[in-house]
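Undergrad: Let me give you the structure first, and then I'll get to my questions.
Protein chains in written order, with the numbering used here: chain H, -8 to 164; chain A, 17 to 716.
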């Protein structure tokens, strides 16, 4: 798998469109998931995903392997999300992210998750991004720091702060 | 209490992330690969200067590669949301199928880069990649790399909004409405938001001002073309129309759940909004191919439709003329809405990217602030221009003084007889440009046209929109009137269709159809009401008509009643059988189509003629394309009241549209289908009430 991905990346960087498609396809769901965790809404997440994929199309040829591919990729996703969020913030002052609960058959469960999401959305944006990268996407602090473009210690600090602010999440689990 | 890290992990793991939409996924992948291909051909050119023909995309765009300008443009590459447009625009232009926009002075060559630079003014977001791009090197080119074929599956590619519409149309048409708009905004906002944060008061933040149903939006009422008797009036004459503003306005209105004002619907503009895969002429010597399809009318039993599809020659290597552009921008208080001034700024920065570095632009504003904001400046000094643009603020209501005269003066100052000299007026309907009397204004614009300075008009926003005047001014100024409601539309108008604009292949294009009284008893031209010409105008080269650009298509549909079928008008009782002049034609032909045009630099017109046979042959593809045009025509006519469409319903339109959507690589046709759904819903709503749940949806 890992090796396949490397091959795909290399071929894509060399301009192989089929490989590029396969590569995107491989990451599509993860990109979408990250977008979803960041914005909390399916259609918005799909918008962000689409824009992120386009950005990747424009940049892949210049990807030189300076950064790990996933780090590089998710930096793009994050930036795409930020653009989206800025617009949203600009559109509706203090727009509540996560306003709509994710679809869930169990209303009680949905309410719980909603509560957790609301807590998340009350976090400062940088802390929320950090939380999503670390806990939802499973990046290490180091990787998250690369994606966020900050120091590793900043990531750790943000995680610490966010956890304090989130308080008990038990009821949301 | 502090959250446990494990709890957080569990929380995310337990969260049911809804599955992404699979159609959307396909669309995104197709779109991305198209963008990738475009990027690839741009950068391989950057490196090698050779058009390598790597794929269908780059082969088709090879005309772009022949421009020496390419390099300098590519070097500037900056990436943000704008990046989306680069590839997309290139992909679209490749198809080169869009109806021409005659007015804007942008060029095809830059299309691949179009949009890429847009974010210069606002690129702090998402641009860790600028640096990478700035020192971009091209990977070794790989000739023979097999192309990604134009994806055959729902390959809607290019534009987010239509793509969205497509995927949603399948699920629920209603959802698509706000989403499509949202998407446009998303794209727009990525760029617009930063630049304008400061200037947009919170109170004005609401997007998409509810359409003013009672209509300060002005449209002039035009009587629909009615049925004509061949014996009484055997000849029908009109000018081509490549404007598309009507379609955008209709979409804007329906996106808010409101049926558009009937007068806002110009059926021919809706038809010509779409691209059609008509066969084109083989050589430049004959700038058009005339394709005619005859089939039974879907609207009325016993009648037939004659669909005339004209396809302009796709001029590949036309040298790009220089441009001398003056932007005349409305900065009145009413422009202070997200869909107006900020969108306008974005649109113009986009346009900028399509120009040559040596082209000159200047900016004059009127209403609110007044005067020359930017003296004639070379496009190479892009940052200066963008700075001037971003400094623009809307506000106040003071008359702008001599805005328009100033604009033309600047154009005159830099007048270059070999260049495109054009004033581009952008407004939401405030024509307080210094000359207040419309007729005086028109006269002024006409006189300037004679001097070689043309005018295009771009409309923004709703509520104050003056369609009729816009149309008239643009027509008098040899330009196009376009309505811009989203950044996608700006891209379509100012970037994708720019080729057709900059490479006009003919001007004053007129169509005359003579019907054969022996075989046709009645006819009716669908649309083109505002473009009707007198019979004698056809051969009069002094009479102005529409222009057509490279690769553009124009479609006209006649509904005819064959002799013997039930007619709307009673047949004359005392009919004298006319003598037969052409016995060999008289029984087999329905009509004779004449297209008159002038080459761009000539003043004497030329003629192309095509007979229409009763058993006119057409390829399956041509039939499908004309079927599509007819679906759009049916829809347009329903929106205007359905006076001549018998029992036709929106469902019939849907059926016909869905069956003839074709490949639709960029989702425009899918978007249309969504619009039909919306019209169906809107039609069942009370006429008043400003759009219902739209806001709730958009701000979810």
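In this text, a Cβ means the ideal position worked out from N, Cα and C, and glycines have one as well.
Anyone know if the C-beta pair for residue 1 (chain H) and residue 48 (chain A) falls short of 9 Å?
TA: Against a cut-off of 9 Å, the Cβ pair of residue 48 (chain A) and residue 1 (chain H) comes out as no contact.
Undergrad: Is any beta-carbon of chain H found at less than 9 Å from that of residue 390 (chain A)?
TA: Chain H, which has no Cβ nearer than 9 Å to the Cβ of residue 390 (chain A), makes this no.
Undergrad: Roughly how many angstroms separate the alpha carbons of residue 10 (chain H) and residue 29 (chain H), rounded to a whole number?
TA: The alpha-carbon atoms of residue 10 (chain H) and residue 29 (chain H) are separated by roughly 28 Å.
Undergrad: Let me know the secondary structure DSSP gives residue 387 (chain A) once reduced to three states.
TA: It is a strand residue.
Undergrad: Determine the direct distance from the alpha carbon of residue 529 (chain A) to that of residue 658 (chain A), and round the result to whole angstroms.
TA: Whole-angstrom Cα-Cα distance: 24 Å.
Undergrad: Check the Cβ-Cβ distances between residue 93 (chain H) and every residue of chain A, and say whether any is below 9 Å.
TA: Low local confidence applies: a pLDDT of 47 at residue 93 (chain H) is under 50, so the model's placement there is unreliable, with the coordinate-based value given in what follows. Output row for residue 93 (chain H): interface = yes.
Undergrad: In chain order, what residues of the same chain have a beta carbon less than 7 Å from the beta carbon of residue 72 (chain H), not counting five sequence neighbours either side?
TA: Hits under 7 Å: 26, 29, 30 and 39.
Undergrad: Which chain B residues are close to residue 51 (chain A), counting only those with a beta carbon under 8 Å from its beta carbon?
TA: Note that chain B does not occur in the displayed structure, where the protein chains are H and A.
Undergrad: Report the residue from A:310, A:664, A:404 and A:278 whose alpha carbon sits nearest the alpha carbon of residue 627 (chain A).
TA: Residue A:310 is the option with its Cα nearest to residue 627 (chain A).
Undergrad: Grab the span of the alpha helix (DSSP H) containing residue 28 (chain A) for me, first residue to last.
TA: Counting along the chain, the alpha helix (DSSP H) containing residue 28 (chain A) begins and ends at 21 to 30.
Undergrad: Going by C-alpha to C-alpha distance, which of A:345, A:254, A:396 and A:436 sits closest to residue 408 (chain A)?
TA: Cα-wise, what sits closest to residue 408 (chain A) is A:345.
Undergrad: Can you tell me which of A:252, A:41 and A:286 puts its alpha carbon nearest to the alpha carbon of residue 687 (chain A)?
TA: Answer by Cα proximity: A:286.
Undergrad: Under the three-state reduction of DSSP, which class applies to residue 263 (chain A): helix, strand or coil?
TA: Residue 263 (chain A) falls in the helix class under three-state DSSP.
Undergrad: Applying the criterion that 16 or more other CB atoms from any shown protein chain within 10 Å of the CB defines a buried residue, is residue 340 (chain A) buried or exposed?
TA: Residue 340 (chain A) comes out buried.
Undergrad: Going along the chain, which residues of its own chain have a beta-carbon closer than 6 Å to the beta-carbon of residue 327 (chain A), five neighbours each way excluded?
TA: Around residue 327 (chain A): 294, 296, 305 and 569.
Undergrad: With burial defined as no fewer than 16 other Cβ atoms inside 10 Å of the residue's Cβ, what is the status of residue 580 (chain A): buried or exposed?
TA: Exposed: under 16 other Cβ atoms inside 10 Å.
Undergrad: Going by CA-CA distance only, name the one from A:376, A:20, A:444 and A:455 that's closest to residue 155 (chain H).
TA: Ranking the options by Cα distance to residue 155 (chain H), first place goes to A:20.
Undergrad: Would you please state the rounded distance, in angstroms, between the beta carbons of residue 268 (chain A) and residue 444 (chain A)? I believe it to be under 8 Å.
TA: No, residue 268 (chain A) and residue 444 (chain A) are not in contact; Cβ-Cβ is about 12 Å, not under 8 Å.
Undergrad: Here's a check: name, in chain order, each residue in its chain whose Cβ is nearer than 6 Å to the Cβ of residue 644 (chain A), leaving out the five neighbours to either side.
TA: So the qualifying residues of the chain are 676.
Undergrad: Using only alpha-carbon positions, find the residue among A:319, A:624, A:325 and A:252 that is nearest to residue 258 (chain A).
TA: Nearest of A:319, A:624, A:325 and A:252 to residue 258 (chain A), Cα basis: A:325.
Undergrad: Is any beta-carbon of chain A found at less than 9 Å from that of residue 82 (chain H)?
TA: In this prediction, residue 82 (chain H) scores a pLDDT of 48, lower than 50, which makes its location untrustworthy; no coordinate-derived value is stated.
Undergrad: Out of A:438, A:303, A:477 and A:377, state which residue places its alpha-carbon closest to the alpha-carbon of residue 348 (chain A).
TA: Of the candidates A:438, A:303, A:477 and A:377, the one whose C-alpha sits nearest the C-alpha of residue 348 (chain A) is A:477.
Undergrad: Does residue 150 (chain H) have its Cβ less than 9 Å from a Cβ in chain A?
TA: At least one chain A Cβ lies under 9 Å of residue 150 (chain H).
Undergrad: Beta carbons nearer than 7 Å to chain H: which residues of the stretch 25 to 56 of chain A have them?
TA: Here the close residues are 25, 26, 27, 28, 30, 31, 32, 33, 34, 36, 37, 40, 41, 44, 45, 47, 48, 49, 51, 52, 53, 55 and 56.
Undergrad: Considering Cα atoms alone, identify which of H:17, H:45, H:20 and H:23 is closest to residue 53 (chain A).
TA: Closest option to residue 53 (chain A), Cα to Cα, is H:45.
Undergrad: Tell me the rounded alpha-carbon separation between residue 120 (chain H) and residue 524 (chain A).
TA: So the alpha carbons of these two residues sit roughly 58 Å apart.
Undergrad: With which residues is residue 579 (chain A) paired in a DSSP beta bridge?
TA: According to DSSP, which records beta bridges pairwise, residue 579 (chain A) is partnered with nothing at all.
Undergrad: Taking only the alpha-carbon atoms, compute the straight-line gap between residue 571 (chain A) and residue 238 (chain A) and give it to the nearest angstrom.
TA: Going from the Cα of residue 571 (chain A) to the Cα of residue 238 (chain A) covers about 20 Å.
Undergrad: In whole angstroms, what separates the C-alpha of residue 56 (chain A) from that of residue 60 (chain H)?
TA: Near 19 Å, if we compare the C-alpha coordinates of residue 60 (chain H) and residue 56 (chain A).
Undergrad: Does any CB atom of chain A fall closer than 9 Å to the CB of residue 127 (chain H)?
TA: Interface residue, yes.
Undergrad: Please name the residue in A:533, A:652 and A:661 whose C-alpha comes closest to that of residue 277 (chain A).
TA: Answer by Cα proximity: A:652.
Undergrad: Per DSSP, what are the beta-bridge partners of residue 470 (chain A) in this structure?
TA: A:438.
Undergrad: Name the DSSP beta bridge partners of residue 312 (chain A), please?
TA: Note: residue 312 (chain A) sits in a beta bridge opposite A:320.
Undergrad: Do residue 322 (chain A) and residue 573 (chain A) have their C-beta atoms within less than 9 Å of each other?
TA: A contact, by the Cβ cut-off of 9 Å.
Undergrad: Determine the direct distance from the alpha carbon of residue 70 (chain H) to that of residue 140 (chain H), and round the result to whole angstroms.
TA: Cα-Cα distance, rounded: 11 Å.
Undergrad: Pick from H:135, H:150 and H:65: whose alpha carbon is nearest that of residue 43 (chain H)?
TA: Closest option to residue 43 (chain H), Cα to Cα, is H:65.
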